[in-house]
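Below: one structure, written as structure tokens.
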Amino acid sequence: MIFMRNTVINKITAVAKENKNIFVIAGDAGFGVLDEFQKNFPARFLNLGVAEQNTISFSAGLALVGYKVFVYNIIPFVMFRCYEQVRNDICYQRLPVTLVGIGSGVTYAPQGMTHYSVEDVAIARTLPNLTILSPCDPQEAEKCAEYAIKNNGPVYIRVAKSGEPTVHQSKIKSIANPIIVKEGHGVAVLFYGSVGVEVIKAVQDLKKLPWVISIPKLQPLNFDFLLKKLKGVHTLITVEEHFVDGGLGSIIGDWLARDRLSFKLKKLGIKNEFIHAIKNNAGMRKHYGIAADNIKIAIREAFRNG
Amino acid sequence: MKKQSLEKRLNQVANEVRKLIIEVACRSKSPHVGPSLSCVDLIVSLYFYELNIDEKNWKNRDIFILSKAHAAMALYAVLALKGIISRKIFDSYFQNNGTLPAHLDRFAGRGIEVSCGSLGHGFNMALGMAYGYKLKKDKRRVFVLIGDGESQEGSVWEGALFAAKLGIANLTAIMDYNNLQGYGRPTEICHFEPVVDKWKAFGWEPYRANGHNFTQIINAFKKPHYGKPKIIIADTQKGKGVSFMENNLKWHYYIVTDEIREKAMQDLCGDIHEEYSN
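Chains A and B supply the protein sequences, listed in that same order.
Residue numbering for the first sequence follows numbering that gives the first Met the number 0, beginning at 0 and increasing consecutively.
Residue numbering for the second sequence follows numbering that gives the first Met the number 0, beginning at 0 and increasing consecutively.
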């Protein structure tokens with residue numbers, strides 16, 4: 000099993016030998032993941048401890064003197080605890096800092112609500128200049144890391160916890176635009192991140208196949224590109240391991256309203272509530288209606304009502 | 000330059016800066032006159048004495064970060080007097096379709112090193128910059144001015160706790176200790192003192208100085224770092240230089256009317272302050 004978090008960090012480590020400006024900051028997390036980078040580039044590694052506000056502002060300072068900084072931590076500590084530092088110091092100043100956030104959605108279940116990241120895309124969307132990337136498998140994760148390394152502005156990469164199976168059976172070229180995973184007709188399932196594996200499972204034995212489209216780059220989203228891929232489609236189903244209101248479903252809903260597009264939209268996601276249920280990741284997906292079976296039902300319904 | 004004449008000159012510059020602040024505050028009807036006036040002597044000491052800042056060698060200049068960025072008028076006035084920003088840009092402060100906002104935007108004008116406005120950000124960015132220069136073996140130094148109210152931010156103490164370990168002897172923090180924040184005195188609102196001991200305990204090299212006495216400020220700049228980040232706790236007065244604004248909380252907010260401007264100018268255009276004239 001390949002871990003997305005390792006894929007991202009390994010890519011950064013591989014490039015750091017040539018690119019002397021790459022700097023990795025840990026926030027007292029990354030046990031076993033950052034060891035290789037730390038060993039090879041001790042001068043360009045710092046553990047700034049349990050101090051998230053300082054960590055983000057300090058990273059902005061390093062970026063101001065020319066470093067390309069990657070901050071590694073669980074998502075609440077790169078996006079929630081230090082939102083204002085991300086807003087003012089990194090995004091407002093357009094600095095080359097990449098936030099690598101671990102534990103998207105409820106992949107940390109049952110650690111409890113404090114450790115879930117079901118509203119981070121909604122929050123990150125409020126930040127101009129910030130590129131939001133959410134890979135669904137190790138291949139996408141590697142491309143996201145490459146994208147962040149080349150990008151001169153702020154980037155947020157949200158990855159799952161560990162052990163993500165492969166979604167893309169063939170090689171992908173880039174994550175800059177939505178990626179067609181499977182071709183279909185009439186209905187399009189749009190997803191991002193760790194829930195991709197549920198989508199793949201859902202369409203496995205369907206007779207009528209929908210388009211399956213992965214959207215790892217949520218902001219800025221290339222809507223023109225997406226629209227071209229939606230010829231003959233009447234219904235869009237968004238699937239996300241994130242609050243149903245605020246994430247991709249809302250991004251698509253805003254787009255449809257803005258451009259007066261007539262697609263039907265069905266949004267599958269986690270109900271916007273504090274999660275008290277005690278279940279593992281798979282159980283939590285069932286509980287909130289984003290497991291393969293739920294997605295399958297939604298697709299069949301969309302075909303019936305199309 | 001002789002000691003006496005240096006002090007005299009810095010005092011004259013500071014007086015000009017204060018006049019510019021009153022003028023621009025009156026024109027713009029913007030608040031934060033008091034906290035701008037309290038740090039004038041500190042910023043003047045930096046730009047007209049301590050900082051290596053030379054137009055011909057701009058890319059190697061020392062960095063000054065105004066972390067208590069609500070005092071932006073003081074920085075803008077110094078940058079204008081120094082010729083780093085034009086008077087035209089300075090005059091556009093806080094105006095419709097102007098260039099300079101009330102809090103710092105690094106894309107707004109030359110010499111504005113970082114965007115700042117929310118307290119407890121600039122201090123930590125300064126630490127990152129200083130560490131970056133250290134790693135790059137760059138001789139540039141970083142100076143950061145924080146407020147006493149700002150020093151209640153958790154982020155300041157997060158940064159303070161880590162800074163000593165990083166060996167950033169190229170960093171000097173200065174606290175504008177005017178003992179008047181937005182709605183009271185730090186020493187009454189929280190257990191603020193003993194402030195020098197606190198920084199010492201965090202591994203910093205602290206010095207205390209009268210923030211309106213140029214000899215003391217310059218001496219504090221000259222004190223050694225001993226391999227550590229340094230902090231100068233500068234005792235100041237809010238509203239310094241305009242008698243009726245001094246040590247008066249309301250001048251955190253009050254607007255300078257035409258009438259107030261006239262009165263303030265009488266103070267500032269008078270003789271050089273007694274403490275410097277002999």
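Ideal Cβ placement from N, Cα and C applies to all residues, glycine included.
Everything numeric in this text was worked out from a predicted model, so none of it was measured.
Counting only the Cα atoms, R86/A lies some 41 angstroms from H184/A. Ranked by Cα distance from E272/A, the options E163/A, L255/A and D244/A are led by D244/A.
Inter-residue distance for L74/B and Y132/B is about 23 angstroms (C-alpha atoms, whole angstroms).
In the structure shown, Y191/A falls within a coil segment according to DSSP collapsed to helix, strand and coil.
Take T186/B, set aside five residues on each side of it, and the residues of its chain with a beta-carbon closer than 7 angstroms to its own are N178 and E192, in chain order. Inter-segment contact for the region 280 to 297 of chain A and the region 212 to 225 of chain A is absent: fewer than three beta-carbon pairs are separated by less than 8 angstroms. The alpha-carbon separation between E17/A and V68/A amounts to approximately 15 angstroms.
Ranked by how close their Cα comes to the Cα of A13/B, the residues E204/B, H31/B and S35/B have S35/B in first place. Under the rule that a run must span 3 or more residues, the beta strand (DSSP E) segments found entirely inside the region 92 to 176 of chain A read 96 to 101, 130 to 132 and 154 to 158. Rounded to the nearest angstrom, the gap between the Cα atoms of T171/B and E49/B is 11 angstroms. Taking 8 angstroms as the Cβ-Cβ cut-off, the region 67 to 84 of chain A approaches chain B at E83 and Q84, given in chain order. Within the DSSP bridge table, the entry for A172/B names V143/B and I230/B as partners.
When the Cα atoms are used, A175/A and K227/B turn out to be separated by approximately 45 angstroms. Interface flag for A25/A against chain B is unset, since no Cβ pair is found closer than 8 angstroms. A contact is defined here as three or more CB-CB pairs under 8 angstroms, and the region 116 to 134 of chain A meets this definition with respect to the region 243 to 259 of chain A. Contact annotation: the region 197 to 205 of chain B does not touch the region 253 to 268 of chain B, with fewer than three C-beta pairs closer than 8 angstroms. Below 8 angstroms, too few C-beta pairs join the region 235 to 247 of chain B and the region 58 to 70 of chain B to call them touching: fewer than three. At a C-beta separation below 7 angstroms, A59/A has these neighbours in chain B: M124 and G127. Shown here for N20/A: same chain residues with a beta carbon closer than 7 angstroms to its own, the five before and five after excluded, namely G65, Y66 and K67 in chain order. DSSP places H120/B in the coil class of the three-state scheme, outside both helix and strand. Against chain A, the beta carbon of G131/B has neighbours under 8 angstroms at G60, L61, L63, V64, G65 and Y66, listed in chain order. When C-beta distances to chain A are compared with 8 angstroms, the residues of the region 134 to 149 of chain B below that value are L134, K135 and D137, in chain order. Assignment of W156/B by DSSP, reduced to helix, strand and coil, places it in the helix class. Per the Cβ contact rule, the region 119 to 134 of chain B is not in contact with the region 73 to 92 of chain B (fewer than 3 Cβ pairs under 8 angstroms). If you draw a straight line from the Cα of A42/A to the Cα of P134/A, it is about 29 angstroms long.
At least 8 angstroms separates the CB of H224/B from every CB of chain A. For T237/A, the pairing in a beta bridge is given by DSSP as L189/A and K266/A. At least one CB atom of chain A sits nearer than 8 angstroms to the CB of R105/B.
Beta-carbon to beta-carbon, I212/A and I171/A are separated by about 12 angstroms, too far to satisfy the 8 angstroms threshold.
Restricting attention to E258/B, T256/B and L248/B, the CA atom closest to the CA of G33/B is found in L248/B. In the structure shown, the three-state DSSP call for R60/B is coil. Rounded to the nearest angstrom, the gap between the Cα atoms of Y225/B and A168/B is 7 angstroms. Excluding sequence positions up to five before and after G146/B, its CB lies within less than 6 angstroms of the CB of K67 and D175, all in the same chain and listed in chain order.
For A256/A, the closest Cβ of chain B is not nearer than 8 angstroms. If one requires a minimum length of 4 residues, the alpha helix (DSSP H) runs lying completely within the region 44 to 74 of chain A are 51 to 63, in chain order. The beta-carbon of L47/A is placed less than 8 angstroms from the nearest beta-carbon of chain B.
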